[in-house]
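See below for the structure under consideration.
Numbering (my numbering), first residue to last: 167 to 421.
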């Protein structure tokens, strides 16, 4: 019997068709240099022993890149991505077009980064969906940060709640530019009626990082609040998500 190739673990199958960096498992006898294999083993072992807290951002990013680039040293690319986008979260949430502009980033790298981003958002969402929102407020805020804090354009979302303040739907209503997103109050409350919701929470992000609401934000919130009240709906809050912090209209006395 032929001995198994010890390097097979570094040669994953492509996930979605043929990708530039993903090569067939058995068609190449090329092996990683021993120092790279040892480095990968050490990083994986340290992660399993100490988790993410035991690793700087560039090493955690290396772990993600191992699968996408199975036959090269990925440390330079990990550092380059962090330098280009400014942080781990910004790398994961960067637009595909901008990621693809970085030298060394091809479809397989983009795919791995976006899988991890989607997994992080799905995990954060699972902690709030179908649960009473007002009693798990920090989990809700964490989810909003995971989904929106690092976006480069504004996004407006509405969280719809039932009579027990359980989150029944989280829907994107609109996307905009770096400093504006169009919102239509009638569409927001119309959707609440379609979902048989009793309350809602508005959420949008400020790509600048500063969550201070603009006058347009305040006026739009007032319009939605008036429309909601006319139909017996409760607007609990409007959260503005910045980088590393958020602002609550309710806490600021704006609602």
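All C-beta atoms, glycine included, are put in the ideal place defined by N, C-alpha and C.
Note that this is a predicted model, so its numbers are computed, not measured.
The region 249–264 and the region 298–306 do not touch, with fewer than three beta-carbon pairs separated by less than 8 Å. Between the C-alpha atoms of residue 241 and residue 225 there is a straight-line separation of about 7 Å. For the pair of segments examined, the region 269–280 was found not to touch the region 212–219: the number of CB pairs separated by less than 8 Å stays below three. According to the DSSP assignment, residue 371 belongs to the beta strand (DSSP E) that extends over 365–371. DSSP, read as helix, strand or coil, puts residue 335 in strand. Excluding the 5 residues flanking it on each side, residue 206 has same chain C-beta neighbours closer than 7 Å at 232, in chain order. Across the structure, residue 286 and residue 260 are spaced so that their CA atoms are roughly 14 Å apart. Here residue 400 is bridged, per DSSP, to 365. In this structure, residue 326 lies near residue 358, with their beta-carbon atoms less than 8 Å apart.
In the three-state reduction of the DSSP assignment, residue 413 falls in the strand class.
Of the candidates 351, 354 and 362, the residue whose Cα lies closest to the Cα of residue 330 is 362. The region 384–391 and the region 287–294 do not touch, with fewer than 3 CB-CB distances between them shorter than 8 Å. Residue burial is scored here from C-beta neighbours: residue 356 has fewer than 16 other C-beta atoms within 10 angstroms and is therefore classed as exposed. When DSSP states are grouped into helix, strand and coil, residue 297 belongs to the coil group. DSSP links residue 407 through a beta bridge to 371 and 412. DSSP places residue 235 outside both helix and strand once states are collapsed to three, so it counts as coil. The C-beta of residue 317 has 16 or more other C-beta atoms within 10 Å across all chains shown, which makes the residue buried. Under a 10 Å Cβ-count criterion, residue 360 is classified as exposed, with fewer than 16 other Cβ atoms of the shown protein chains found around its own Cβ. Here the alpha carbon of residue 262 sits roughly 15 Å from the alpha carbon of residue 248. Taking the Cα of residue 354 as reference, the smallest distance to any Cα among 312, 328 and 399 is reached at 399.
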